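So my numbering is basically just the index in the sequence shown, starting at one, shifted up by 3. Ideal Cβ placement from N, Cα and C applies to all residues, glycine included. Just so you know, these numbers come straight off a predicted model, no measurement behind them. Have a look at the structure below, then the notes.
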Amino acid sequence: MDPLSALAIVGFVVASIPTAISLNLLVAKILTRGSKGLCVVSEDEHAQVDIVFVHGLGGDPHETWCTRDTTKKVNWMTDLLPEDIRSTTPSRILTFGYSQRLFSIPSYGFLGKRTRPSILDNKVIKYLPQALYLHSKGLMEELTILRGEYARDRPIIFVAHNLGGLIVKSTLVQASADVGEYSRHKAIQLSTTGVLFFGTPQRETSRKSWSKLLTRIFTVSLELPAISLGESITAQAELFDLQVQRYKSIEMNFQNYAFYEKYMTQKEPSVKLYVVPEESVLPTNARPWWHKIRLDRNHQNMVKFERDDEDYQIVLGCIKTN
């Protein structure tokens with residue numbers, strides 16, 4: 004058994020011990036080791052809602068939400084949102100950081116020299132399901148502990164970019180399955196009122212299409228050379244479709260906003276592409292609780308706003324309606 008699979012099993016077993024809150028906290032820290040875990044970045048004294056931000060592959064819990072204008076750095080998560088929702092939706096705002104090492108295990112070339120990550124050489128695709136599980140488990144544990152009893156039933160809104168959306172979905176699916184006398188996590192799913200997905204794949208797809216989609220996400224997000232994942236993606240395509248089906252059993256309990264990119268992303272001087280195209284951001288036969296919204300941006304900057312941006316006002320409206 005590989006070490007990540009073993010850690011996933013250990014995390015699941017230990018986190019299931021109902022009386023060991025300290026052990027649950029330890030598990031949460033192990034699962035987010037090498038990252039910042041869950042961090043409160045703003046809290047209104049009259050907070051009525053928890054808004055949880057989850058960055059995507061290659062992202063950062065803070066920098067992901069910042070504009071790239073070098074003359075003026077704006078983080079809408081901390082600089083704009085708290086003030087803009089204070090009168091209607093006083094909130095506690097949190098951001099979740101997770102280690103990228105589980106997605107990209109470094110390889111070593113000639114004479115042990117460390118080389119750039121390679122999706123195939125480092126078996127990133129093999130570890131993708133374990134990585135998503137570990138990160139979502141860590142998010143679920145930390146959020147449960149942080150909310151405690153006093154905020155156990157406080158409404159939650161998730162904001163996620165890229166594969167961060169898959170972590171959120173996995174968190175909600177796991178929380179929904181936590182039933183019984185010692186259930187601790189179920190309240191996370193029951194309290195969620197909205198999920199904002201930015202460039203997150205949702206549609207069930209063929210193995211070939213999923214391979215192309217995931218290739219684009221990895222190569223753009225991690226700035227890797229363009230390659231084909233080929234047959235290495237087969238099992239992951241099936242697991243992705245399974246997650247889509249499991250999420251369908253709970254998605255009607257909250258509003259789902261699927262934002263997609265209007266513009267292509269510049270991959271190389273002569274190569275532009277849609278990372279997660281419009282047709283991939285909604286599940287097949289999407290129901291009324293799904294809302295597809297186009298943003299006047301490419302995949303990389305679709306979560307970077309300033310106050311006068313029309314797209315920011317659209318996103319702000321979605322948050323306020325929940």
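* Exposed unless 16 or more other CB atoms sit within 10 angstroms - verdict on V306 -> By 1-based counting over the sequence shown, the position of residue 306 is 303. So V306 ends up on the buried side.
* Asked: Just to confirm, are R310 and L83 a CB contact at a threshold of 8 Å?
  -> Indexing the sequence shown from 1 puts residue 310 at position 307. Indexing the sequence shown from 1 puts residue 83 at position 80. Yes, Cβ-Cβ distance for R310 and L83 is below 8 Å.
* Take the Cβ of H49 as the centre, count every other Cβ of all protein chains shown within 10 Å, and call the residue buried at 16 or more, exposed below. => Along the sequence shown, one-based indexing puts residue 49 at 46. With fewer than 16 other Cβ atoms within 10 Å, it is exposed.
* **Proximity below 8 Å, CB of H188 to CB of Q205** => Translated into positions along the sequence shown, residue 188 becomes position 185. Translated into positions along the sequence shown, residue 205 becomes position 202. Result no, Cβ atoms of H188 and Q205 do not sit closer than 8 Å.
* Is the segment 162-181 in contact with the segment 131-138, if contact means three or more CB pairs nearer than 8 Å? -> yes
* Asked: According to DSSP, is N141 helix, strand or coil?
  -> Within the sequence shown, numbered from 1, the residue matching residue 141 stands at position 138. The residue asked about is misnamed: residue 141 is Gly in this sequence, not Asn. Note: G141 maps to helix in three-state DSSP.
* Proximity test, Cβ basis, 8 Å: K295 and chain D -> This model lacks chain D altogether, as it is built from one protein chain only.
* CB of D312 within 8 Å of CB of K265, strictly -> Stepping through the sequence shown from its first residue, residue 312 is reached at position 309. Stepping through the sequence shown from its first residue, residue 265 is reached at position 262. It is not a contact, given that the beta carbons lie outside the stated cut-off.
* DSSP state of R249, grouped into three classes? -> One-based indexing of the sequence shown puts residue 249 at position 246. Helix at R249.
* Asked: According to the Cβ coordinates, are R333 and Q51 closer than 8 Å?
  -> Only positions 4 to 325 of the chain appear in the structure, and residue 333 is not among them; the question remains open.
* Asked: Who are the near neighbours of S224 in its chain, counting only those whose CB is closer than 6 Å to its CB and skipping five residues on each side?
  -> As a first step, residue 224 must be located in the sequence shown, where it is residue number 221. Same-chain partners within the cutoff: L60 and G61.
* According to DSSP, is F308 helix, strand or coil? -> Against the sequence shown, residue 308 aligns to sequence position 305. The answer is coil: DSSP assigns F308 none of H, G, I, E or B.
* **CA-to-CA distance, Q192 to G183, given in whole angstroms** => Residue mapping note: residue 183 aligns to position 180 of the sequence shown, counting from 1. Residue mapping note: residue 192 aligns to position 189 of the sequence shown, counting from 1. Looking at the two C-alpha atoms, the distance is approximately 15 Å.
* Distance between M80 and F221 (C-alpha atoms, nearest Å) -> For the purposes of this step, residue 221 is identified with residue 218 of the sequence shown, where counting begins at 1. For the purposes of this step, residue 80 is identified with residue 77 of the sequence shown, where counting begins at 1. The straight-line gap from Cα to Cα measures roughly 25 Å.
* Per-residue DSSP class, three states only, for S107 -> Residue mapping note: residue 107 aligns to position 104 of the sequence shown, counting from 1. Because the pLDDT at S107 is just 49, under 50, the model does not fix this residue reliably, and the value given afterwards should be weighed accordingly. Coil at S107, not helix or strand.
* Give the straight-line distance between the Cα atoms of H58 and S252, rounded to the nearest whole angstrom. => Stepping through the sequence shown from its first residue, residue 58 is reached at position 55. Stepping through the sequence shown from its first residue, residue 252 is reached at position 249. Rounded to whole angstroms, H58 to S252 spans 25 Å at the Cα level.
* **Given S102 as reference, the closest of G40, I160, N304 and H294 once Cα atoms are compared** => Reading the sequence shown from its first residue, position 99 is the one you call residue 102. Ranking G40, I160, N304 and H294 by Cα distance to S102 puts G40 first.
* Sequence-distant residues of the same chain with beta carbon closer than 8 Å to N259, five excluded per side -> Taking the first residue of the sequence shown as position 1, residue 259 is located at position 256. Closer than 8 Å at the Cβ level, and outside the excluded window around N259, lie G197, V198, F200, W292, W293 and H294.
* With respect to the beta strand (DSSP E) encompassing G168, which residues constitute its N-terminal and C-terminal limits? -> Taking the first residue of the sequence shown as position 1, residue 168 is located at position 165. First-last for G168: G167 to S179, but that is the alpha helix (DSSP H), not the beta strand (DSSP E).
* To do: With DSSP as the reference, label L41 as helix, strand or coil.
  => Here residue 41 corresponds to residue number 38 of the sequence shown, with the count starting at 1. Strand.
* **Bridge partners - S94, DSSP secondary structure assignment** => Numbered from 1 along the sequence shown, position 91 holds the residue referred to as residue 94. Paired residues: V52.
* Cβ-Cβ separation, R89 to V43 (assumed contact under 8 Å), whole Å -> Reading the sequence shown from its first residue, position 40 is the one you call residue 43. Reading the sequence shown from its first residue, position 86 is the one you call residue 89. In fact, because the Cβ distance is near 16 Å, the residues do not count as touching under 8 Å.
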